[in-house]
Amino acid sequence: MAITVGSGDYRYELVEGWGQLPDGWEFKQVAAVAVDDNDEVYVFSRGGHPVTVFDKDGTFIRSFGEGDFPSAHGICWGENDTVWLVDNGDHTVKQYTKAGEHVRTLGSKGTEGADGEPFNKPTDASVAGNGDLYISDGYGNTKVHVYSQSGDYKFGWGQSGHRTELNPGGIGVGDGDFDTPHNIWVHEDTVYVADRENQRVQLFDLQGNHKENWTDFIQPTDIYIDPRHPDTVYVGELRNRMSIANSKGEVQSRWGRFPTDDPGQFYAVHGIWTDSEQSLYCGEVLEGQRIQKFRRI
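In structure tokens:
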């Protein structure tokens, strides 16, 4: 029997067994996923073959990045058919061609940025319409950094602010304060930041001026907006949920009961993307260590 999830206008059928690796290979933790214009799916994981590429039916095509990534974390598309790969283990953001050829590296490999300087365990990246690269940084820093398309540092923003059990509402945690800026997405004139441990998504303009907060999420880990369907915002949550909101941050569909490896459910959603058919791909970390494909119905 088919497994269906979601509700309302956002209902999906699980494609069981999608994405089979060659014999002896393992994903381990699937940190991020991205789909290109040809519906090829790039899975960025913490196994021995960090970038594995599949067609939309789940057939393995190729891999690259072996030995280059101590701790895979974030992914986004760059200019001229390139891909940016964020590694929070060696404090770098690396650019590759889709064939796996290294183009350049931002950050100093193995060197933690001090006092908010880039990078200290960066988490994700996203490219704006003008080519600027926005980077969330991350576990060691509480910043967003912006680079020009040529790789020159432009500016950054953010400071530490932490919700606690004694302060669950985040009183005293200001707009623009971060506690683990875990993911970033730029769409048109808005920068979306998954402020994971403050359990919110913060919205900024391209200069870093705060716009608003969305708070109906538990440890948001990833944000995705398909420019072909800009009124739909996908938010993965570490607490075993997948949420789909409208452009106002109002949740339209959500599923995920409790941590489990049951098909169609989640341990810890960490990376999300959709393809041209609006199928949804969800990568998981912690005990999850898999990628699941959900076909839109």
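Numbering follows this note's numbering, with no gaps: position 104 of the sequence shown is 707.
Yeah, the Cβ is synthetic: ideal placement off N, Cα and C, and Gly gets one too.
Judged by DSSP in its simplified three-state form, residue 843 adopts coil rather than helix or strand. As the crow flies, the alpha-carbon of residue 662 is around 7 Å from that of residue 623.
Cβ contact annotation for residue 672 (same chain, cutoff 6 Å, sequence separation greater than five): 653 and 690, in chain order. In the three-state reduction of the DSSP assignment, residue 641 falls in the coil class, being assigned neither a helical nor a strand state.
Looking at 658, 751, 666 and 641, the one whose alpha-carbon comes closest to that of residue 647 is 666.
Burial of residue 844 is indicated by the presence of at least 16 other C-beta atoms within 10 angstroms of its C-beta.
Scanning its chain for C-beta atoms nearer than 8 Å, with the 5 sequence neighbours on each side dropped, one finds around residue 734 the residues 682, 751 and 752, in chain order.
Cβ-Cβ separation between residue 677 and residue 717: approximately 22 Å, too far for a contact (criterion under 8 Å).
The alpha carbon of residue 726 has as its nearest neighbour, out of 708, 747 and 711, the alpha carbon of 747. As DSSP reads the structure, residue 647 sits in a beta bridge with 635 and 654. DSSP, reduced to helix, strand and coil, places residue 800 within a helical segment of the structure shown.
Taking C-alpha positions only, residue 607 is separated from residue 615 by approximately 6 Å. Listed in chain order, the beta strand (DSSP E) runs fully inside the segment 836 to 884 are 844 to 849, 854 to 858 and 872 to 877, counting runs of at least 3 residues. The beta carbon of residue 759 sits closer than 7 Å to those of 746, 747, 748 and 749, all from its chain and outside the five residues before and after it, given in chain order. Assignment of residue 834 by DSSP, reduced to helix, strand and coil, places it in the coil class. The Cβ atoms of residue 825 and residue 875 sit closer than 8 Å to each other. Under the three-state reduction of DSSP, residue 737 is assigned to strand. Under the DSSP assignment, residue 677 falls in the beta strand (DSSP E) whose first and last residues are 675 to 680. Distances from the CA of residue 842 to each of 880, 897 and 861 were compared; the closest alpha carbon is that of 861. About 5 Å separates the Cβ atoms of residue 741 and residue 724, confirming a contact at the 8 Å cut-off. Fewer than three Cβ pairs drawn from the segment 807 to 815 and the segment 827 to 841 lie within less than 8 Å of each other, which leaves the two stretches out of contact. Proximity to residue 787 across 738, 744 and 812 peaks at 738, based on C-alpha coordinates. For the pair residue 685 and residue 816, the Cα-to-Cα distance works out to about 31 Å. Note that the C-beta distance between residue 887 and residue 871 is below 8 Å. Remark: C-beta atoms of residue 798 and residue 804 approach each other more closely than 8 Å.
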